[in-house]
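S.K.: Have a look at this one before I ask anything.
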Amino acid sequence: MKSLMTFTMGGVHPEENKFSEHAAIVTLPLPKQAIIPLGQNLGAPPKPLVKKGDEVKTGQLIAKGEAFISANLHSPVAGKVARLDESVDSSGYRRMAIHIDVTGDEWDENIDTSPDVVREITLGKQEIIQRIKDCGIVGLGGATFPTHVKLMIPDGKKAEFLIINGVECEPYLTSDHRLMLEKGEEMLIGIKILMKALEVDTAIIGIENNKPDAIKHLNELCIRYQGIRVQPLKVKYPQGGEKQLIKATVNREVPSGKLPLEVGCVVSNVGTAFAVYEAVQKNKPLVERVVTVTGKSVRKPSNFLVRIGTPVAELIQAAEGLPENTGKVINGGPMMGKALTTIDVPVTKGSSGILVMNKEESNRQRPNPCVRCSKCTEVCPMGLEPYLLAKLAKLALYEKAEKEMVMDCIECGSCQFTCPSQLPLLDFLRLGKQRVGHLIRTRK
Amino acid sequence: MFTISGSPHVHGDENVKKIMYTVVYAMIPAMLVSVYFFGLDAIRVLLVSVLSCLFFEWAIQKYIIKGPLTINDGSAVVAGILLAFNIPANIPWWIIVIGALVTIGVAKMSFGGLGKNPFNPALVGRVFMLISFPVQMTSWPIPKPILEGGFITDAVTGPTALGLLKEGVGAGKTIDQIMSDPEMPAYIDRLTGNMTGSLGEMSAIALILGGIYMVWRKVINWQLPVSIILTVFVFAGIFHLIDPQHYIDPMFHLFTGGLMLGAIYMATDMVSSPMNMSGKVLYGVGIGLLTIIIRLWGAYPEGISFAILIMNAFVPLINNSFKPKRFGLLTKK
Numbered sequence: 016m017k018s019l020m021t022f023t024m025g026g027v028h029p030e031e032n033k034f035s036e037h038a039a040i041v042t043l044p045l046p047k048q049a050i051i052p053l054g055q056n057l058g059a060p061p062k063p064l065v066k067k068g069d070e071v072k073t074g075q076l077i078a079k080g081e082a083f084i085s086a087n088l089h090s091p092v093a094g095k096v097a098r099l100d101e102s103v104d105s106s107g108y109r110r111m112a113i114h115i116d117v118t119g120d121e122w123d124e125n126i127d128t129s130p131d132v133v134r135e136i137t138l139g140k141q142e143i144i145q146r147i148k149d150c151g152i153v154g155l156g157g158a159t160f161p162t163h164v165k166l167m168i169p170d171g172k173k174a175e176f177l178i179i180n181g182v183e184c185e186p187y188l189t190s191d192h193r194l195m196l197e198k199g200e201e202m203l204i205g206i207k208i209l210m211k212a213l214e215v216d217t218a219i220i221g222i223e224n225n226k227p228d229a230i231k232h233l234n235e236l237c238i239r240y241q242g243i244r245v246q247p248l249k250v251k252y253p254q255g256g257e258k259q260l261i262k263a264t265v266n267r268e269v270p271s272g273k274l275p276l277e278v279g280c281v282v283s284n285v286g287t288a289f290a291v292y293e294a295v296q297k298n299k300p301l302v303e304r305v306v307t308v309t310g311k312s313v314r315k316p317s318n319f320l321v322r323i324g325t326p327v328a329e330l331i332q333a334a335e336g337l338p339e340n341t342g343k344v345i346n347g348g349p350m351m352g353k354a355l356t357t358i359d360v361p362v363t364k365g366s367s368g369i370l371v372m373n374k375e376e377s378n379r380q381r382p383n384p385c386v387r388c389s390k391c392t393e394v395c396p397m398g399l400e401p402y403l404l405a406k407l408a409k410l411a412l413y414e415k416a417e418k419e420m421v422m423d424c425i426e427c428g429s430c431q432f433t434c435p436s437q438l439p440l441l442d443f444l445r446l447g448k449q450r451v452g453h454l455i456r457t458r459k
Numbered sequence: 005m006f007t008i009s010g011s012p013h014v015h016g017d018e019n020v021k022k023i024m025y026t027v028v029y030a031m032i033p034a035m036l037v038s039v040y041f042f043g044l045d046a047i048r049v050l051l052v053s054v055l056s057c058l059f060f061e062w063a064i065q066k067y068i069i070k071g072p073l074t075i076n077d078g079s080a081v082v083a084g085i086l087l088a089f090n091i092p093a094n095i096p097w098w099i100i101v102i103g104a105l106v107t108i109g110v111a112k113m114s115f116g117g118l119g120k121n122p123f124n125p126a127l128v129g130r131v132f133m134l135i136s137f138p139v140q141m142t143s144w145p146i147p148k149p150i151l152e153g154g155f156i157t158d159a160v161t162g163p164t165a166l167g168l169l170k171e172g173v174g175a176g177k178t179i180d181q182i183m184s185d186p187e188m189p190a191y192i193d194r195l196t197g198n199m200t201g202s203l204g205e206m207s208a209i210a211l212i213l214g215g216i217y218m219v220w221r222k223v224i225n226w227q228l229p230v231s232i233i234l235t236v237f238v239f240a241g242i243f244h245l246i247d248p249q250h251y252i253d254p255m256f257h258l259f260t261g262g263l264m265l266g267a268i269y270m271a272t273d274m275v276s277s278p279m280n281m282s283g284k285v286l287y288g289v290g291i292g293l294l295t296i297i298i299r300l301w302g303a304y305p306e307g308i309s310f311a312i313l314i315m316n317a318f319v320p321l322i323n324n325s326f327k328p329k330r331f332g333l334l335t336k337k
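Written out as structure tokens, the structure reads:
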């Protein structure tokens, strides 16, 4: 076995708590009503193409992404459009969403819904990118950046490596892990497709060493897929961060404020690779994804294959119900996930897990004064000084915060996780980033 | 209703109280050594110091600041033990109480309490006592191990090794003459602590043991104490090589006086030391240089307390100019 690699700067080791890692993916039944928020991707939300009363089929285009950074949206169910209305989504804000009353699951006739694995890649580079765009594929690791935009390499730039993120460094979450085990072959074909679109010869799948079964399984499959290799990584959070993963796998540092392409890398998540396979080989748009439902009190931690638009409440129900002492429900993992205001919000393209926390775990402890222990600085994977940036943000010294590189913060939360004084460092860093971002935009 | 808060939603198990008590545990070997050599007197000094530090912190928080009471966070206990470590075993109790008032009242609470003090509180207290009560602060009892029947120290006092050295060099003696003085402790005594000195600076071995524990528990970085010790060794070594009869060998400097205590427990104080690694190393080098400068040419035989306090004053400057290595800033291409 190859020696384990990792990123060099900072990092923490939260408790892994991967309760659902042995739970095979279960397909969840369709909801009665699907709620499909328009803004599910990074960038501009797509424009709706349907109106109240329209009949739609599963996989039918219902909103079109027109801006450069935007993504198409497809109906995840067959049914009748009940209304276009604002409703609370996982961000906690009211946003425009399409509500569809589900009548059945009749798929659009151009979509191949058979379980057969299609291995031969027939489409060319441009057709692949177009197909990925048509199918509304976005990064499924959580950032939801439209994948087709990532594949359009600007003139003068060249990708050398495709790095596939199978790290899943967030505690509790296991959706990527299960997908690697159960859809490994499809994923590798997806990676091959991405390699063809990017014209790269090498793809590296980074997987943390706490998933030896996935490493072994993919290693065996890789023999038949030239150019793809698995790189086992030492367990350390936030290794799934794009810049950290590049450092860990190919030992290159993305310059401050630049994209991975600057060092010849394109990073994509394992879930995205699987979605790309389905889009290109099966013409199947992104209408479902794997979501982990887990937590210390959850009776049956599970991994579900669910349609986009299914209310979170139904997922929790399928994991044998909301525990009585629930204090917090998080969309995503415990380090970077967002606390939900209500469990009636739907699953979106970016939902990788639903984490249910007990009352005792839900509240922060009372913060104490900073004792200047410098642990936040030691664990920062970007080499920043969180204690200083938090203080600058608190004092509204945004110009100084910009000089201290607050915009490089990846919001991984390592500083706050480690702070012995329980200070809400990341809250203030986010505030600083937001204000400095505004400052930079108004300057132009 | 669910709780809504920003990520991260989990916290590592670290807290201030744990850190403070880790420091307390790390000082247990040195405390035991001091009790072994000074018997009940050591216990008396430790108790008076810790209790008065706790009392002043409590009283100031309750009656002057009128804020929340935080005496159980352990920081006053640490300050109390460190203060006791820095004074002779036979000092009158009321001087300790005054020292504790300066430590907690002046050096810590007047700046706003835990985390706000620019100078190491125990050292401020110690230096205050040294200047105000020079006689009591420099009358060192001769250690008398418990096993040899000594529960209370004798009234007999003697000079410290560094004191002997300073006095000898001042009188124009050569190093050989100074070292042949019967009061000069042998090497093995300097390691185990069987020599005159402040309560906590006795045994280098016990102090290093505690230091290793703190490094293991990630309460201190090894780089800072090592940079101080190395600087002292190199700087004193250079002079020793130039004139071995006028400047003593560097190993002597390492295991006498408060060097180990200062380097491992006082300079590493989180609140008053720099935040970033390069800054910490610079700070350590500065302390090492100043210590030797004071020891070789200053008026006092020992200089580490002053060295640390002087370097404390540079910490804001160091923090401003020595930044951590940023990700993606040094990459070429």
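So the sequences go chain by chain: A and B.
Heads up: take any position in the first sequence, counting from 1, add 15, and you land on this note's numbering.
Heads up: take any position in the second sequence, counting from 1, add 4, and you land on this note's numbering.
Where a beta carbon is used, it is the ideal one built from N, C-alpha and C, also for glycine.
It should be emphasised that the depicted structure is a prediction, and the values quoted were computed from it without experimental measurement.
Kindly list, in the order they appear in chain A, the residues whose Cβ is closer than 8 Å to that of glutamate 18 (chain B).
M.R.: Lys390, Thr433, Cys434 and Pro435
S.K.: Do asparagine 92 (chain A) and leucine 45 (chain A) have their CB atoms nearer than 8 Å?
M.R.: In the sequence on display, residue 92 (chain A) carries valine and not asparagine. Yes; because the gap between Cβ atoms is below 8 Å, this pair is in contact.
S.K.: What's the call for alanine 411 (chain A), buried or exposed, on a 16-neighbour Cβ count within 10 Å?
M.R.: The residue in question, alanine 411 (chain A), is exposed, as its Cβ has fewer than 16 Cβ neighbours within 10 Å.
S.K.: Can you tell me the Cα-Cα spacing of arginine 260 (chain A) and cysteine 280 (chain A), whole angstroms?
M.R.: Residue identity check: residue 260 (chain A) is leucine in the sequence provided, not arginine. Computed Cα separation, rounded: 10 Å.
S.K.: Would you please verify whether the beta carbon of valine 360 (chain A) is less than 8 Å from any beta carbon of chain B?
M.R.: no
S.K.: Count the CB pairs spanning the segment 431-449 of chain A and the segment 399-409 of chain A that are closer than 8 Å, and state whether there are at least three.
M.R.: Flag = yes, the segment 431-449 of chain A and the segment 399-409 of chain A touch.
S.K.: What are the residues of the segment 181-209 of chain B that lie near chain A, defined by any Cβ-Cβ distance shorter than 9 Å?
M.R.: none
S.K.: At the level of alpha carbons, what is the spacing between valine 215 (chain A) and leucine 177 (chain A)?
M.R.: 7 Å
S.K.: Out of B:Leu294, B:Leu313 and B:Met274, point me to the one whose CA is closest to cysteine 385 (chain A)'s CA.
M.R.: B:Met274
S.K.: Apart from the five residues on each side of it in sequence, which residues of its chain come closer than 6 Å, Cβ to Cβ, to leucine 188 (chain A)?
M.R.: In its chain, beyond the 5 residues on either side, Thr307, Gly348, Ser367 and Gly368 have a beta carbon closer than 6 Å to the beta carbon of leucine 188 (chain A).
S.K.: Could you work out which residues of chain B lie near arginine 387 (chain A), taking near to mean beta carbons separated by less than 7 Å?
M.R.: Gly119, Met274, Val275 and Met279
S.K.: For glycine 1 (chain A), would you say it is in contact with chain B, using Cβ-to-Cβ distances shorter than 8 Å as the test?
M.R.: For chain A, the structure presents residues 16 to 459; residue 1 (chain A) sits outside this window and is missing.
S.K.: Hey, quick one: how far does the beta strand (DSSP E) through threonine 309 (chain A) stretch, first residue to last?
M.R.: 303-309
S.K.: When you compare each of B:Lys70, B:Ala271 and B:Val82 to lysine 21 (chain B) by their alpha carbons, which one comes out closest?
M.R.: B:Val82
S.K.: Given a cut-off of 8 Å on the beta-carbon distance, is the pair valine 236 (chain B) and glycine 292 (chain B) in contact?
M.R.: yes
S.K.: Verify the CB distance criterion: does serine 271 (chain A) have a CB-CB separation below 8 Å to chain B?
M.R.: yes
S.K.: Please decide whether lysine 70 (chain B) counts as near chain A, where near means a Cβ-Cβ distance under 8 Å.
M.R.: no
S.K.: If you check the beta carbons only, do alanine 112 (chain A) and leucine 53 (chain A) fall under 8 Å apart?
M.R.: Between alanine 112 (chain A) and leucine 53 (chain A), the gap from beta carbon to beta carbon is short of 8 Å.
S.K.: Give the straight-line distance between the Cα atoms of alanine 63 (chain B) and isoleucine 91 (chain B), rounded to the nearest whole angstrom.
M.R.: 24 Å
S.K.: Nearest chain A C-beta to glutamine 107 (chain B) closer than 8 Å, yes or no?
M.R.: Reading off the sequence shown, one finds threonine at residue 107 (chain B), where the question assumed glutamine. Cβ-Cβ to chain A under 8 Å: no for threonine 107 (chain B).
S.K.: For the alpha helix (DSSP H) holding phenylalanine 22 (chain A), just list the boundary residues, first then last.
M.R.: That residue, phenylalanine 22 (chain A), is in no alpha helix (DSSP H); it is neither H nor E in DSSP.
S.K.: Put leucine 333 (chain B) into one of helix, strand or coil per three-state DSSP.
M.R.: Note: leucine 333 (chain B) maps to coil in three-state DSSP.
S.K.: How should methionine 264 (chain B) be labelled, buried or exposed, when 16 other C-beta atoms within 10 angstroms of its C-beta is the threshold for buried?
M.R.: buried
S.K.: State yes or no: is the C-beta of proline 15 (chain A) within less than 8 Å of the C-beta of serine 35 (chain A)?
M.R.: Residue 15 (chain A) is absent from the model: chain A starts at 16 and stops at 459.
S.K.: Can you check whether the CB of glutamate 303 (chain A) is closer than 8 Å to the CB of valine 321 (chain A)?
M.R.: yes
S.K.: If you check the beta carbons only, do alanine 267 (chain B) and isoleucine 232 (chain B) fall under 8 Å apart?
M.R.: Alanine 267 (chain B) is a Cβ neighbour of isoleucine 232 (chain B), given a cutoff of 8 Å.
S.K.: Since arginine 379 (chain A) meets chain B, which of its residues come closer than 8 Å, beta carbon to beta carbon?
M.R.: Ser9 and His15
S.K.: Checking 8 Å against the spacing of the C-beta atoms, do leucine 404 (chain A) and valine 421 (chain A) come in under that value?
M.R.: yes
S.K.: Which whole runs of the beta strand (DSSP E) in the segment 220-302 of chain A are 3 residues long or more, in chain order?
M.R.: 243-248 and 280-284
S.K.: Based on the DSSP secondary-structure assignment, which residues constitute the bridge partners of asparagine 180 (chain A)?
M.R.: A:Gly221 and A:Asn284
S.K.: Restricting to Cα atoms, I'd like to know which of A:Glu121, A:Lys207, A:Glu185 and A:Pro169 is closest to glutamate 31 (chain A).
M.R.: A:Glu185
S.K.: In chain B, which residues lie with their C-beta within 9 Å of the C-beta of alanine 354 (chain A)?
M.R.: Phe6, Thr7, Ile8, Ser9, Gly10, Ser11 and His13
S.K.: Beta-carbon within less than 8 Å of asparagine 87 (chain A)'s beta-carbon, same chain only, minus the 5 sequence neighbours each way: which residues are those?
M.R.: So the list reads Pro61, Leu76, Ala78, Lys79, Gly80, Lys148, Asp149, Cys150, Gly151 and Pro300, once near-sequence residues are dropped.
S.K.: Assuming contact is defined by CB atoms lying nearer than 8 Å, are glycine 85 (chain B) and valine 54 (chain B) in contact in what I supplied?
M.R.: The question names glycine, but residue 85 (chain B) in the sequence shown is isoleucine. Yes, Cβ-Cβ distance for isoleucine 85 (chain B) and valine 54 (chain B) is below 8 Å.
S.K.: Leaving out the 5 sequence neighbours to the left and right, which residues in its chain are closer than 8 Å to glutamine 181 (chain B) when beta-carbon positions are compared?
M.R.: Gly172
S.K.: Mind listing which residues of the segment 17-40 of chain B have their C-beta closer than 8 Å to chain A's C-betas, in chain order?
M.R.: Glu18, Asn19, Val20, Lys22 and Ile23
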